[in-house]
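Have a look at the structure below before the remarks.
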Amino acid sequence: MELLDVVDEHGVPTGEVVSRDVAHRTGVRHRTSHVWMLRKKNGRLEILAQKRSENKDSHPGCYDISSAGHIPAGEDFVSSALRELEEELGVTAKPEDLVYCGQRHFAYEKEFYGEMFRDNQVSNVYYLWCDKEPEEFVLQKEEVSEVRWFAFSELMDAVEKNRIPNCIHIDELEMVLAKEQKEII
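Its first residue numbered 34, the sequence shown is counted upward by one per residue in our numbering.
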């Protein structure tokens with residue numbers, strides 16, 4: 034059973050712990066880490082999206098963040114982000130490799146497999162430079178069915194116009210792009 038810290042609006046643990054199932058059944062606020070992988074290829078900025086496994090409890094078969102995950106009770110944002118990169122994609126990184134883009138707060142309810150799924154997250158968003166081809170990633174098949182590089186503008190357009198199955202929040206892509214552009218100035 035995966036245990037999560039209940040957190041305040043800033044992502045600070047309150048001291049209470051609940052199971053992931055309870056968090057999603059009741060809408061208890063919890064934390065996640067999101068890491069977007071970037072590379073420059075042929076003069077353009079590209080971003081990696083993972084396609085969620087068809088067996089996921091939410092958004093099966095949808096394109097999503099390069100690597101993301103719930104933060105287990107007692108763990109922090111960065112260590113969780115690094116662990117998820119290794120588990121989902123076989124990518125080893127150091128804390129200083131992650132570029133912090135900001136924090137997102139969101140909540141939604143949707144039915145999956147006949148049951149209500151209530152997600153109430155505080156998420157730290159990062160990006161990581163990584164120049165690997167899709168076949169070089171070691172995918173955790175229970176979580177990820179494939180990865181694909183998109184031109185950054187192509188992914189933003191596809192998400193805005195819902196041209197691909199996805200569970201990507203456009204404001205998160207905007208956060209990453211703004212931070213990346215600020216870093217090169």
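Using N, Cα and C, we set each Cβ at its ideal position, and we do this for glycine too.
None of the values given here were measured: they were computed from a predicted structure.
DSSP, read as helix, strand or coil, puts residue 46 in strand.
Linking residue 189 to residue 156 through their CA atoms gives a straight-line distance of about 20 Å. Apart from sequence neighbours up to five positions away, the residues of its chain that approach residue 141 with a beta-carbon distance below 6 Å are 152, ordered along the chain. Leaving aside the five residues that flank residue 180 on each side, the residues in its chain whose CB is nearer than 8 Å to its CB run, in chain order, 81, 82, 83, 84, 99, 122, 167, 170 and 172.
Residue 49 and residue 39 have their C-alpha atoms roughly 5 Å apart.
Excluding its 5 nearest sequence neighbours in each direction, residue 78 has C-beta neighbours in its own chain below 6 Å: 185, listed in chain order. Cα atoms of residue 197 and residue 207: separation of roughly 18 Å, rounded to the nearest angstrom.
The C-alpha of residue 215 is placed about 44 Å away from the C-alpha of residue 147. DSSP, reduced to helix, strand and coil, places residue 110 within a helical segment of the structure shown. Sequence-distant partners of residue 34 (beyond 5 residues in either direction) whose C-beta falls short of 6 Å from its own C-beta, in its chain, are 52. The DSSP assignment places no complete beta strand (DSSP E) segment of no fewer than 3 residues inside the stretch 180-217. DSSP, read as helix, strand or coil, puts residue 144 in strand. Within the DSSP secondary-structure output, residue 93 pairs in no beta bridge.
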